[in-house]
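Novice:
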Amino acid sequence: MRISSWNIIILFIFLIFIISCNTNMDVRNDNNTDTNRVLVTEADVEDLISGAFRLYWFAVNGNYPSWGLSSLADEQSSSWGGYGVRVLSEEPRKAWNNSSSNGYLGFNSGVWFDHYEVISSINDALAKIYEGMEFGSQGSTDTERAKAFAHFCQGLSYGYLGLFFDKAYIVPSGIDLQDFQPEFTQYSQLVDYGIELLMECIRICEQYDFILPSTWINGLTLTNEDIIGLCNSFIARYRVHKARTNAERQAIDWESVVSLVENGITEDFAPEGDDHYWWHPQQYNSTWPGYFVADNKLHGYSDTSNNYQNWLDTPIENRNHFINHSNDRRVTGDINGTTDGKYFFYSSAQCFPAIRGTYHFSRYRFQKFAYQRPNAFGPMPHITITEMDMLKTEAFLRGYGGGSKADVAELINRTRVGNGEMEPLDGTESYLDLWRWMCYEKRMETQLTGIAYYDYRGWADLVIEGQKVIHVPAGTPIHFPVPAKELEILMEENYTFGGVGQEGGTPSIYRSGNVINTEY
1 MRISSWNIII LFIFLIFIIS CNTNMDVRND NNTDTNRVLV TEADVEDLIS GAFRLYWFAV
61 NGNYPSWGLS SLADEQSSSW GGYGVRVLSE EPRKAWNNSS SNGYLGFNSG VWFDHYEVIS
121 SINDALAKIY EGMEFGSQGS TDTERAKAFA HFCQGLSYGY LGLFFDKAYI VPSGIDLQDF
181 QPEFTQYSQL VDYGIELLME CIRICEQYDF ILPSTWINGL TLTNEDIIGL CNSFIARYRV
241 HKARTNAERQ AIDWESVVSL VENGITEDFA PEGDDHYWWH PQQYNSTWPG YFVADNKLHG
301 YSDTSNNYQN WLDTPIENRN HFINHSNDRR VTGDINGTTD GKYFFYSSAQ CFPAIRGTYH
361 FSRYRFQKFA YQRPNAFGPM PHITITEMDM LKTEAFLRGY GGGSKADVAE LINRTRVGNG
421 EMEPLDGTES YLDLWRWMCY EKRMETQLTG IAYYDYRGWA DLVIEGQKVI HVPAGTPIHF
481 PVPAKELEIL MEENYTFGGV GQEGGTPSIY RSGNVINTEY
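In our numbering, the protein residues as written are 1 to 520.
(1) Where do the N-terminal and C-terminal ends of the beta strand (DSSP E) with E272 fall, by residue?
(2) Given this structure, state the Cα-to-Cα distance separating F135 from E46, to the nearest angstrom.
(3) Return the residue from the list T358, R237, V331 and V500 that minimises the CA-CA distance to F345.
(4) So for F322, helix, strand or coil by DSSP?
(5) M444 and D268 - do their beta-carbons sit closer together than 9 Å?
(6) So the candidates are N263, S173 and D274; which of them puts its Cα closest to the Cα of S527?
(7) At what residues does the alpha helix (DSSP H) containing P172 begin and finish?
(8) Could you check the C-alpha separation between H241 and Q350 for me, to the nearest Å?
(9) Closer than 7 Å by C-beta to G219: which residues in its own chain qualify, once you throw out the five before and the five after it? Chain order, please.
(10) Compute the distance between the beta-carbons of P172 and L490, then report whether it is under 9 Å.
(11) Pull up the CB-CB distance for I252 and G229, whole angstroms please, since I reckon it's below 8 Å.
(12) I believe I170 touches T185 by the beta-carbon criterion, under 8 Å. Please report the beta-carbon distance rounded to the nearest angstrom.
(13) Mind checking W435: buried by the 16 CB within 10 Å criterion, or exposed?
(14) Can you tell which of P65, R319, R356 and Y193 has its C-alpha closest to the C-alpha of G84?
(15) Is it buried or exposed for E75, if we count other Cβ within 10 angstroms and need 16 for buried?
(16) Can you check which of these residues, E255, N246, A370 and D226, is closest to A236 by C-alpha distance?
(17) Which term fits Y158, buried or exposed, when burial requires 16 or more other beta carbons within 10 angstroms of its beta carbon?
(18) Can you give me the C-alpha to C-alpha distance between G155 and Y453, rounded to a whole angstrom?
(19) Under 6 Å Cβ to Cβ from R416, same chain only, skipping five residues before and after it: list those, please.
(20) For R145, which residues in the same chain have their Cβ closer than 6 Å to its Cβ, ignoring the five residues on either side in sequence?
(21) Given a cut-off of 9 Å on the beta-carbon distance, is the pair S432 and V408 in contact?
(22) For Q189 and R239, what's the separation of their Cα atoms in angstroms?
(23) Using a Cβ-Cβ cutoff of less than 6 Å, which residues in the same chain neighbour N31 once the five nearest sequence positions on both sides are dropped?
(24) Could you say if the stretch 387 to 395 and the stretch 293 to 302 meet the contact criterion of at least three C-beta pairs nearer than 8 Å?
(25) Any chance the stretch 477 to 486 sits against the stretch 102 to 115, with 3 or more Cβ pairs inside 8 Å?
(26) Would you tell me roughly how many angstroms separate the C-alpha atoms of Q282 and W67, rounded to the nearest one?
(27) Based on Cα-Cα distance, which residue from G81, R398, G402 and T428 lies nearest to V463?
(28) Within the continuous alpha helix (DSSP H) that includes F184, where are the two ends?
(29) So F369 and S286 are in contact, right, with Cβ under 8 Å, and what is the actual spacing, rounded?
(30) Under the DSSP definition of a beta bridge, which residues are partnered with K128?
(31) How many angstroms separate the CA atom of G450 from the CA atom of G62?
(32) Roughly how many whole angstroms lie between the Cα atoms of Q467 and D461?
(33) Just to confirm my understanding: we take G290, look at its own chain, exclude 5 residues before and 5 after, and list those with CB closer than 7 Å. What are they?
(34) So, for C439: in the same chain, excluding its five sequence neighbours on each side, which residues have a beta-carbon less than 7 Å away from its beta-carbon?
(35) For the beta strand (DSSP E) that Y346 lies in, which residues bound it at each end?
(36) Could I get the ranges of all uninterrupted alpha helix (DSSP H) runs contained in the stretch 69 to 97, with 4 residues as the minimum, in chain order?
So this is what it looks like as structure tokens:
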């Protein structure tokens, strides 16, 4: 559909208005970069670029969308209403209410407008660079550093738009907006475009030596070589996470994923909180008593008493909390299941109204990021070595990369034994068991880093040896629609995804628990 120049102008006036009026509760004492100011000096332009990652950070890790995505992925559980947590985690799953009157519209509209703020800011800055503006003294690489970081931040935002939405726009740098005819690009191409920008960042970093100031990504002083590794790891993540189904996930170029992992980060990428401009709302608030618990599907697979399996086999409306007699010391301090573990507190009290569903109840609540309270200091993991190890493990399990079952076991054991103090796997386990332990280990170690939902949907219809690997509720949305406000501006028909048996919802091949519905 083509629209008039006047509607194009309205579209971008609306976008700028939303950006300038947005009061993001995630950002304390925040002064968002004003993309509309006159960019007069080199310092103005460099400031715009240096602030772009922080905009990306809150677009991904803010209360919207992180709380809702985590609940949707059965990583955290809560029946309270804040930030769409209750409506997204209800079972049976319902379609997302893509209405401009939805009280939780920030869940998808925030992602949309916040990432386009990153993209718009970088476009403004790159336009000045392409006009000939340079940074630093003669002979320095400051200009190339700025260009590399600009492509890095735009690549992350375009890639994330492709992960989250079914479609979005690509707004080329330097385009005259009065001549711009917005056309939707489908999610796969969006992610690929983001990857192209990350690869351009790599190309620049391979040619120029520089050091990124620690204020650009707070607390981290990164070299051009470090950024190359970081880009490789993000590309590996995006290639895998863009898959909406197991079939799409199987079709990924897993050989390239293994190569990217091997040339990726060498330590966890974890910006530092400063209790002022940099913090991680979800990690920080995860230990808040009374609001969140660790979902039973996050920790349950390590149970040795059959309590978790009985819980799965119980109709949803009758499920309740149970004691996890786990050998995993991250979950509980001993096999009795009633003491604190390394990553979870034990609590016998329940904080949610039973009328909203006792399936939300869990005896275990988060403590992995307790060090971030009461002040938001310390490392905030965003992309980790374990995430990369588990991508490599998944490649091996899917028959790529040349890895054996023993190699799979060794990768899982790195944290299973080192952090969980569990019995090591030896590679003689069945493929079903190795798959399940890989999924468990990845979810356990990458909790609250923003990736649980994207793995969840890709594993939803994964069946190994006739059994389901991950128990994803039927009707969980596989992605989200363009926000209603944007559709209204474009005079496009509203639409949505999710809900049991509805378009864009994960299928169910099980009646309950492990009982296969052979009529599916």
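The beta carbon of each residue, even a glycine, is placed where N, CA and C say it ideally should be.
Specialist: In terms of the structure at hand:
(1) Translated into the one-based positions of the sequence shown, residue 272 becomes position 272. Residues E272 to D274.
(2) Your numbering for residue 135 matches position 135 in the sequence shown. Your numbering for residue 46 matches position 46 in the sequence shown. Cα-Cα distance, rounded: 8 Å.
(3) Working through the sequence shown from its first residue, we reach residue 345 at position 345. Nearest C-alpha to F345: V331.
(4) Here residue 322 corresponds to residue number 322 of the sequence shown, with the count starting at 1. In this structure, F322 counts as coil in the three-state DSSP scheme.
(5) As a first step, residue 268 is located in the sequence shown; it is residue number 268 there, counting from the start. As a first step, residue 444 is located in the sequence shown; it is residue number 444 there, counting from the start. Contact: no.
(6) Given that the chain is displayed from residue 1 to residue 520, the structure contains no residue 527 and the question cannot be resolved.
(7) Numbered from 1 along the sequence shown, position 172 holds the residue referred to as residue 172. Unbroken run through P172: none, as it is neither H nor E.
(8) Against the sequence shown, residue 241 aligns to sequence position 241. Against the sequence shown, residue 350 aligns to sequence position 350. The straight-line gap from Cα to Cα measures roughly 34 Å.
(9) Start at 1 with the first residue of the sequence shown, and residue 219 comes out as number 219. Correct list, in chain order: P271 and E272.
(10) Your numbering for residue 172 matches position 172 in the sequence shown. Your numbering for residue 490 matches position 490 in the sequence shown. Contact flag unset, no.
(11) Indexing the sequence shown from 1 puts residue 252 at position 252. Indexing the sequence shown from 1 puts residue 229 at position 229. So it is not a contact: roughly 20 Å between Cβ atoms.
(12) Start at 1 with the first residue of the sequence shown, and residue 170 comes out as number 170. Start at 1 with the first residue of the sequence shown, and residue 185 comes out as number 185. Contact holds; Cβ gap of about 5 Å.
(13) One-based indexing of the sequence shown puts residue 435 at position 435. Buried, because 16 or more other Cβ atoms sit within 10 Å of the Cβ of W435.
(14) Stepping through the sequence shown from its first residue, residue 84 is reached at position 84. Measuring from the Cα of G84, the nearest candidate turns out to be P65.
(15) The sequence position of residue 75 within the sequence shown is 75, counting from 1. Classification of E75: buried, given that the 10 Å Cβ count is 16 or more.
(16) The residue labelled residue 236 in the question sits at position 236 within the sequence shown. Considering only alpha carbons, the answer is E255.
(17) For the purposes of this step, residue 158 is taken as residue 158 along the sequence shown, with counting starting at 1. Y158 is buried by the Cβ-count criterion.
(18) For the purposes of this step, residue 155 is identified with residue 155 of the sequence shown, where counting begins at 1. For the purposes of this step, residue 453 is identified with residue 453 of the sequence shown, where counting begins at 1. One C-alpha to the other measures close to 20 Å.
(19) In the sequence shown, residue 416 corresponds to position 416, counting from 1. These residues qualify, in order along the chain: M422 and E441.
(20) Locating residue 145 in the sequence shown gives position 145, counting from the first residue. Answer for R145: F210, listed in chain order.
(21) If you number the sequence shown from 1, residue 432 lands on position 432. If you number the sequence shown from 1, residue 408 lands on position 408. Contrary to the premise, residue 432 reads as Leu rather than Ser in this sequence. No. Outside cutoff.
(22) The residue you call residue 189 lines up with position 189 of the sequence shown. The residue you call residue 239 lines up with position 239 of the sequence shown. The alpha-carbon atoms of Q189 and R239 are separated by roughly 11 Å.
(23) Within the sequence shown, the letter at position 31 stands for residue 31. Interpretation of N31 is limited by its pLDDT of 34, a score under 50 that renders its predicted location unreliable; the figure taken from the coordinates is listed afterwards. Hits under 6 Å: none found.
(24) no
(25) yes
(26) Start at 1 with the first residue of the sequence shown, and residue 282 comes out as number 282. Start at 1 with the first residue of the sequence shown, and residue 67 comes out as number 67. For Q282 and W67, the distance between alpha carbons rounds to 7 Å.
(27) Here the question's residue 463 lines up with position 463 in the sequence shown. Nearest C-alpha to V463: R398.
(28) Along the sequence shown, read from residue 1 onward, the residue named residue 184 stands at position 184. Note, F184: premise wrong, no alpha helix (DSSP H); not H, not E.
(29) Here residue 369 refers to the residue found at position 369 when the sequence shown is read from its first residue. Here residue 286 refers to the residue found at position 286 when the sequence shown is read from its first residue. With 8 Å as the limit, F369 and S286 qualify as a contact, their Cβ atoms being about 6 Å apart.
(30) Here residue 128 corresponds to residue number 128 of the sequence shown, with the count starting at 1. Paired residue(s): none; K128 is not in a bridge.
(31) Here the question's residue 450 lines up with position 450 in the sequence shown. Here the question's residue 62 lines up with position 62 in the sequence shown. G450 and G62: Cα-Cα distance of roughly 10 Å.
(32) Start at 1 with the first residue of the sequence shown, and residue 467 comes out as number 467. Start at 1 with the first residue of the sequence shown, and residue 461 comes out as number 461. Those two C-alpha atoms are separated by around 10 Å.
(33) Numbered from 1 along the sequence shown, position 290 holds the residue referred to as residue 290. Closer than 7 Å at Cβ, skipping near neighbours: C351.
(34) By 1-based counting over the sequence shown, the position of residue 439 is 439. Hits under 7 Å: W459, V469 and I470.
(35) Translated into positions along the sequence shown, residue 346 becomes position 346. Element bounds for Y346: F344 to Y346.
(36) 85 to 89
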